[in-house]
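Chemist:
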Amino acid sequence: MTDLATLPTTRDEDWRYADAAALEASDADTLTGWTEITVPAGESVAESRDVTGVERIRVRIGKGGRFELSAVNAAPGYARLECEVTLEDGAHFEFGGVTIGGGSETREFVTRCIHAEPNATSNQVVRAVHWGKAIGNFLGRIEVVRDAQKTDAGQNFRAILLEKGAAANTKPELEIFADDVKCAHGAAIGALDQMAGFYMAARGIPPEIARKLQVQAFIADAFENIEDEAVGERLLERALSVLEGAQL
Amino acid sequence: MLKIENLHAEVDGKKILNGLTLEVGAGEVHAIMGPNGAGKSTLAYTLGGRPGYEITEGSVTFDGEDLLDMEPHERAAAGLFLGFQYPVEIPGVSNVQFLREAANAQRKHRGEPELTGGEFLKLAKEKAALLRMDMDMLKRPVNVGFSGGEKKRNEMVQMGILDPKFAILDETDSGLDIDALRIVGDGINSIMRDAGKGVLLITHYQRLLDYVKPDKVHILAKGRIVKTGGPELALELEREGYEEVV
Numbered sequence: 001m002t003d004l005a006t007l008p009t010t011r012d013e014d015w016r017y018a019d020a021a022a023l024e025a026s027d028a029d030t031l032t033g034w035t036e037i038t039v040p041a042g043e044s045v046a047e048s049r050d051v052t053g054v055e056r057i058r059v060r061i062g063k064g065g066r067f068e069l070s071a072v073n074a075a076p077g078y079a080r081l082e083c084e085v086t087l088e089d090g091a092h093f094e095f096g097g098v099t100i101g102g103g104s105e106t107r108e109f110v111t112r113c114i115h116a117e118p119n120a121t122s123n124q125v126v127r128a129v130h131w132g133k134a135i136g137n138f139l140g141r142i143e144v145v146r147d148a149q150k151t152d153a154g155q156n157f158r159a160i161l162l163e164k165g166a167a168a169n170t171k172p173e174l175e176i177f178a179d180d181v182k183c184a185h186g187a188a189i190g191a192l193d194q195m196a197g198f199y200m201a202a203r204g205i206p207p208e209i210a211r212k213l214q215v216q217a218f219i220a221d222a223f224e225n226i227e228d229e230a231v232g233e234r235l236l237e238r239a240l241s242v243l244e245g246a247q248l
Numbered sequence: 001m002l003k004i005e006n007l008h009a010e011v012d013g014k015k016i017l018n019g020l021t022l023e024v025g026a027g028e029v030h031a032i033m034g035p036n037g038a039g040k041s042t043l044a045y046t047l048g049g050r051p052g053y054e055i056t057e058g059s060v061t062f063d064g065e066d067l068l069d070m071e072p073h074e075r076a077a078a079g080l081f082l083g084f085q086y087p088v089e090i091p092g093v094s095n096v097q098f099l100r101e102a103a104n105a106q107r108k109h110r111g112e113p114e115l116t117g118g119e120f121l122k123l124a125k126e127k128a129a130l131l132r133m134d135m136d137m138l139k140r141p142v143n144v145g146f147s148g149g150e151k152k153r154n155e156m157v158q159m160g161i162l163d164p165k166f167a168i169l170d171e172t173d174s175g176l177d178i179d180a181l182r183i184v185g186d187g188i189n190s191i192m193r194d195a196g197k198g199v200l201l202i203t204h205y206q207r208l209l210d211y212v213k214p215d216k217v218h219i220l221a222k223g224r225i226v227k228t229g230g231p232e233l234a235l236e237l238e239r240e241g242y243e244e245v246v
């Protein structure tokens with residue numbers, strides 16, 4: 001039996017931009033369960049996802065360890081990748097994500113990055129490219145506990161909407177209880193640079209190739225810090241393949 | 001080669017070109033000079049097909065074809081090159097990638113075989129050397145972090161690689177120091193001085209015309225050509241100013 005009371009709804013802060021109908025149709029295990037990952041001290045673990053449906057990953061990174069998550073969310077239905085990371089002394093979390101697509105789907109990333117001990121670093125870069133009536137979301141929370149001095153946390157979100165009707169939502173949240181920390185976040189939502197498009201056309205590049213070059217340059221930022229270049233390239237190709245089939 | 005007849009164009013509902021007529025034949029270089037706000041850049045953008053530049057009257061034929069009926073990228077493939085007054089920065093796209101895409105898109109459009117990576121690089125090296133531009137700059141993102149002069153030189157490297165039939169150069173001389181002006185002038189001559197090619201040079205100053213000798217000089221004022229002459233007209237303008245001559 002599904003306990004309806006425990007199912008998240010869009011009234012929950014962490015689910016506020018989710019697809020309400022899709023949540024109602026989902027089962028509790030999917031929406032509330034976690035994939036647990038432990039990164040032992042000093043070690044490095046990398047995970048990569050082509051997101052479909054809802055997945056939640058909970059990670060603990062041991063002292064001096066590194067966890068890297070890279071993902072493309074181009075699913076044909078509501079899709080959400082959620083990642084909760086707890087960093088111990090000197091650990092690093094790297095996240096690169098791209099939501100891309102049209103239709104009327106909601107595609108989202110949700111992160112909660114807990115700097116539980118001093119000297120840990122984190123860097124999150126998310127890019128969103130949408131058209132039609134699609135929605136791309138990034139909810140990113142950074143928590144720095146009182147003793148987590150020398151924390152260095154960065155979060156950057158940028159979205160390009162190729163058509164009117166598409167939307168992007170972002171909600172950076174920073175909870176900082178230590179005083180010697182660096183936390184940077186930035187967010188911007190815009191359209192493709194039309195002058196760059198005309199410049200490319202004036203050199204003979206047709207609009208669809210110009211758009212692809214611009215989008216490629218835009219989303220490549222998300223995978224710049226991914227250590228395995230082949231993984232970054234594979235994700236980039238996956239993301240661009242969605243654009244190629246787009247009716248714009 | 002390029003025949004403009006009674007061209008009227010407006011931007012944001014404001015009339016800028018008011019019945020401009022001009023013909024440039026093959027093998028010719030024409031200069032267009034004129035005071036600020038005369039419509040020089042509007043003419044360049046209109047011929048290039050920039051969105052928002054609306055033609056309300058007139059015609060433009062290029063090699064006998066209706067230029068205004070073509071999309072901007074089709075105009076380029078047909079052999080038209082527009083040198084920008086303010087070349088655009090494209091972050092994340094390297095010059096090499098940009099130009100290879102451009103060269104091959106044009107070839108594909110004309111039904112010619114595409115250049116291989118090796119063929120393209122050889123061509124790019126040759127043209128960069130002609131304009132004394134470091135190959136390292138061609139590997140950097142398009143115009144990002146380039147100085148004003150470097151951007152203009154990059155425009156000419158692009159022109160060399162794309163090898164157009166006709167070039168409209170909008171204030172290619174502005175922002176260049178004396179040495180760069182000579183290099184760019186020599187570049188224009190080497191790339192475009194050909195019996196089958198034509199050039200429309202838009203400029204404020206006579207200086208560039210010392211290097212690239214025009215066959216005709218036109219003065220543009222209030223959206224139309226008000227005077228046409230030989231190279232001596234540019235010298236006269238330099239001496240007397242627009243108010244006296246126009």
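Residue numbers (my numbering), protein chains in the order written: chain A, 1 to 248; chain U, 1 to 246. The beta carbon of each residue, even a glycine, is placed where N, CA and C say it ideally should be.
#1: Quick one: using the 10 Å Cβ neighbour count with 16 as the cut-off for buried, is glycine 198(U) buried or exposed?
#2: At a CB-CB cut-off below 9 Å, which residues of chain U make contact with phenylalanine 218(A)?
#3: What in chain A is Cβ-close to glycine 48(U), meaning under 7 Å?
#4: In whole angstroms, give me the CA-to-CA distance for alanine 191(A) and aspartate 215(U).
#5: Could you have a look at asparagine 225(A) and say whether DSSP puts it in helix, strand or coil?
#6: Compare the Cα-Cα distances from leucine 176(U) to each of Gly187(U), Gly148(U), Asn189(U) and Gly160(U) and report the closest residue.
#7: List in chain order: all unbroken beta strand (DSSP E) runs of 3+ residues lying wholly within the stretch 187-233 of chain U.
#8: Just the chain A side, please: which residues come within less than 8 Å of leucine 2(U) by C-beta, in chain order?
#9: Under three-state DSSP, which class holds methionine 1(A)?
#10: If you pair each beta-carbon of the stretch 5-15 of chain U with each one of the stretch 201-219 of chain U, do three or more pairs fall below 8 Å?
#11: Could you please tell me which residues of the stretch 185-198 of chain A, in chain order, have their CB closer than 9 Å to any CB of chain U?
#12: Quick one: which chain A residues come within Cβ less than 9 Å of proline 214(U)?
#13: Measure the CB-CB distance between alanine 46(A) and lysine 63(A) and report whether it falls below 9 Å.
#14: Can you tell me whether threonine 2(A) is buried or exposed? The criterion is at least 16 other CB atoms within 10 Å of its CB, across all chains shown.
#15: Is the distance from the Cβ of glycine 103(A) to the Cβ of glycine 140(A) below 9 Å?
#16: Just how far apart, CA to CA, sit lysine 227(U) and asparagine 143(U)?
#17: Across the stretch 184-197 of chain U and the stretch 18-35 of chain U, are there enough close Cβ pairs to call them in contact, namely three or more that are closer than 8 Å?
#18: Check whether the Cβ atoms of valine 85(A) and phenylalanine 223(A) sit closer than 9 Å, and answer yes or no.
#19: From valine 54(A) to glycine 145(U), what does the alpha carbon distance come to, in whole angstroms?
#20: I need the boundaries of the alpha helix (DSSP H) containing leucine 99(U), first residue and last residue.
#21: Tell me aspartate 12(U)'s beta-bridge partners as DSSP assigns them.
#22: As an exercise, report each continuous beta strand (DSSP E) stretch of at least 3 residues that is fully enclosed by the stretch 104-171 of chain U, in chain order.
#23: Quick one: using the 10 Å Cβ neighbour count with 16 as the cut-off for buried, is aspartate 170(U) buried or exposed?
#24: Just to confirm, are valine 110(A) and alanine 79(A) a CB contact at a threshold of 9 Å?
#25: Using DSSP with H/G/I as helix, E/B as strand and the rest coil, what is lysine 40(U)?
#26: In this structure, does DSSP put threonine 17(A) in helix, strand or coil?
#27: Using 8 Å for Cβ pairs, my map puts glycine 136(A) next to alanine 159(A). What's the rounded Cβ distance?
#28: Could you check what DSSP says for lysine 150(A) in three-state terms: helix, strand or coil?
#29: What does valine 24(U) pair with, by DSSP beta-bridge criteria?
#30: Using the beta-carbon count (16 or more within 10 Å), is glutamine 247(A) buried or exposed?
#31: Does the stretch 143-161 of chain A come close enough to the stretch 120-128 of chain A that 3 or more CB-CB pairs lie under 8 Å?
#32: Taking buried to mean at least 16 other C-beta atoms within 10 Å of its own C-beta, is phenylalanine 138(A) buried or exposed?
#33: Against isoleucine 205(A), what residues of chain U qualify as contacts under a CB-to-CB distance less than 7 Å, listed in chain order?
#34: Determine the direct distance from the alpha carbon of leucine 123(U) to that of valine 96(U), and round the result to whole angstroms.
#35: Tell me whether the stretch 65-80 of chain A and the stretch 221-239 of chain A touch, counting them as touching only if at least three CB pairs, one residue from each stretch, are closer than 8 Å.
Modeler: To lay it out plainly:
#1: buried
#2: Pro91 and Gly92
#3: Ala202
#4: Going from the Cα of alanine 191(A) to the Cα of aspartate 215(U) covers about 44 Å.
#5: coil
#6: Gly148(U)
#7: 198-202, 216-221 and 224-229
#8: None at all; the shortest Cβ gap to chain A is about 16 Å.
#9: The predicted position of methionine 1(A) is uncertain, since its pLDDT is 45 and thus under 50; a value taken from the coordinates is nonetheless stated next. Of the three classes helix, strand and coil, the one that applies to methionine 1(A) here is coil, per DSSP.
#10: no
#11: The residues in question are Asp193, Gln194, Met195, Ala196, Gly197 and Phe198.
#12: What proline 214(U) touches in chain A: nothing, since even the nearest Cβ is about 23 Å away.
#13: In this structure, the beta-carbon distance from alanine 46(A) to lysine 63(A) does not fall below 9 Å.
#14: Because threonine 2(A) carries a pLDDT of 48, less than 50, the predicted location of this residue cannot be relied on, and no value is offered for it.
#15: no
#16: 36 Å
#17: yes
#18: No, the pair does not count as a contact, with Cβ atoms beyond the cut-off.
#19: 42 Å
#20: 95-109
#21: Aspartate 12(U) is not bridged to any residue.
#22: 166-170
#23: buried
#24: no
#25: helix
#26: The sequence given here places tyrosine at residue 17(A); threonine does not occur at that position. In the structure shown, tyrosine 17(A) sits in coil (DSSP, three-state: anything other than H, G, I, E or B).
#27: 6 Å
#28: Looking at lysine 150(A) - three-state DSSP - the assignment turns out to be coil, as it is neither helix nor strand.
#29: Leu2(U)
#30: exposed
#31: yes
#32: buried
#33: His73, Glu101, Ala102 and Ala105
#34: 11 Å
#35: yes
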